[in-house]
Amino acid sequence: MRLLSPSCTRFPNTRKCCIISLMHDKQDESLAVLIEEFLTARATRKPSPHTLAAYRRDLHTVASLVAEDATPPLPLDAL
Numbered sequence: 001m002r003l004l005s006p007s008c009t010r011f012p013n014t015r016k017c018c019i020i021s022l023m024h025d026k027q028d029e030s031l032a033v034l035i036e037e038f039l040t041a042r043a044t045r046k047p048s049p050h051t052l053a054a055y056r057r058d059l060h061t062v063a064s065l066v067a068e069d070a071t072p073p074l075p076l077d078a079l
């Protein structure tokens with residue numbers, strides 16, 4: 001069982017935690033490692049193997065598309 005981060009922002013009246021607050025210490029981890037951690041966490045809920053395979057395929061596809069995008073970000077005044 002993974003313990004919640006001390007800086008975790010909990011939702012009122014629940015034990016749920018904002019995923020972003022759990023990732024503050026993950027800045028140097030590769031996206032592939034984070035994807036595998038996500039899939040491992042999802043596997044504890046015993047989804048279909050096909051569902052996990054679809055998550056893996058979709059997340060790696062999105063990561064590839066983001067990595068290929070060489071378009072510079074828009075400046076704020078262009079928005």
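First residue of the sequence shown? That's 1 in UniProt numbering, and the numbers climb one at a time after it.
Just so it is clear, CB atoms sit at the ideal spot from N, CA and C, and this is done for glycine as well.
Predicted, not measured: the structure shown is a model, and the values here were computed from it.
Where residue i sits in the DSSP three-state scheme
| i | result |
| --- | --- |
| Leu52 | helix |
| Arg45 | coil |
| Ser64 | helix |
| Glu29 | coil |
| Asp69 | coil |
CA nearest to the CA of residue i, picked from the options
| i | options | result |
| --- | --- | --- |
| Ala32 | Asp58, Lys46, Ser48 | Asp58 |
| Glu36 | Val66, Leu52, Pro75, Leu79 | Leu52 |
| Leu39 | Tyr55, Thr71, His60, Glu29 | Tyr55 |
Check: residue i C-beta below 7 Å from any heavy atom of the ligand ADP
| i | result |
| --- | --- |
| Pro73 | The ligand ADP is not part of this structure, which contains no ligands at all. |
Alpha carbon of residue i to alpha carbon of residue j, nearest angstrom
| i | j | result |
| --- | --- | --- |
| Arg45 | Ala78 | 44 Å |
| Met1 | His50 | Bear in mind that a pLDDT of 41 at Met1, under 50, signals an unreliable position, so the number given afterwards is only what the model happens to contain. Met1 and His50: Cα-Cα distance of roughly 25 Å. |
| Ser7 | Ser48 | Note that Ser7 scores 46 on pLDDT, short of 50, meaning its location in the model is unreliable and no value can be drawn from it. |
| Leu74 | Val66 | 15 Å |
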